Every structure is written in structure tokens, then in C-alpha cells.
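Student: Quick note on the working numbering: the sequence shown kicks off at 46 and runs consecutively. Structure incoming, see below.
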Amino acid sequence: MSDYIVIPKAITNVPCRFCGAQPVIAHTGGGEYSVKCPNDDTHYHTEPGLIDIEDWNNHNTVLSRQQADLVPDTISDDFFQLNGAILHLATSGQEV
Numbered sequence: 046m047s048d049y050i051v052i053p054k055a056i057t058n059v060p061c062r063f064c065g066a067q068p069v070i071a072h073t074g075g076g077e078y079s080v081k082c083p084n085d086d087t088h089y090h091t092e093p094g095l096i097d098i099e100d101w102n103n104h105n106t107v108l109s110r111q112q113a114d115l116v117p118d119t120i121s122d123d124f125f126q127l128n129g130a131i132l133h134l135a136t137s138g139q140e141v
């Protein structure tokens, strides 16, 4: 018997953003489950509870893969965050 439940292909899910593996459902105890990467426990996994494939998909999209690249390397007073976007103060007053 395996430690994981394989998600059926009829259910839309995205691969792990770190290694590209298809997610699995793991029993975390007490009637709770987590959607996780089968290859590495340090890769993203959903909080224990109900099976939340939507949360898995949201955290493993192309945008979430690029988010780390959007954050400045150092903390600076020249940048601020607005609704998830990181903006430079020099361009904040300009109309788009």
C-alpha cells in the first residue's frame, strides 16, 4: 500500500513548481489531508485539512514561479509593495 493517493487525470492540477512532479494527496492524520509534491517534503504543500487542489494550483502557477524574481535583492527605500506588485518610487507618480 502506498503512502499517497494519486490524483485522477480527470482533475485538473498543475505540476510542482520546483521539480515538475504531479501532486499527490497525503494523509496527515486525524482525518486531514494535504496536496503535496511526491518527490520532496520541502516543496510546497497545502495546509492539512480538506483536499485543496485549488490552493495547490494557485501556488504552482507560472506567476508564483516568477514572484521570487520580482522581489528586489536587497531591502531598499526606493521600492514599495502595492497589491502584490513591487513598484519603484521613481515611477509611482506617473500615469500608465
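Note that CB positions come from ideal geometry on N, CA and C, so glycine has one too. If you're wondering where the values come from, they're calculated on a predicted model, not measured in any experiment.
Could you check if T91 is buried or exposed, using at least 16 other CB atoms within 10 Å of its CB as the buried criterion?
Tutor: Buried is the call here.
Student: Please name the residue in N58, D100, F63 and L95 whose C-alpha comes closest to that of G74.
Tutor: L95
Student: When burial is assigned at 16 or more other CB atoms within 10 Å of the CB, is P60 buried or exposed?
Tutor: exposed
Student: Taking Y49 as the reference, give the member of T57, N84 and R62 with the closest Cα.
Tutor: N84
Student: Go ahead and label C64 buried or exposed: buried means 16 or more other beta carbons lie within 10 angstroms of its beta carbon, across all protein chains shown.
Tutor: That one is exposed.
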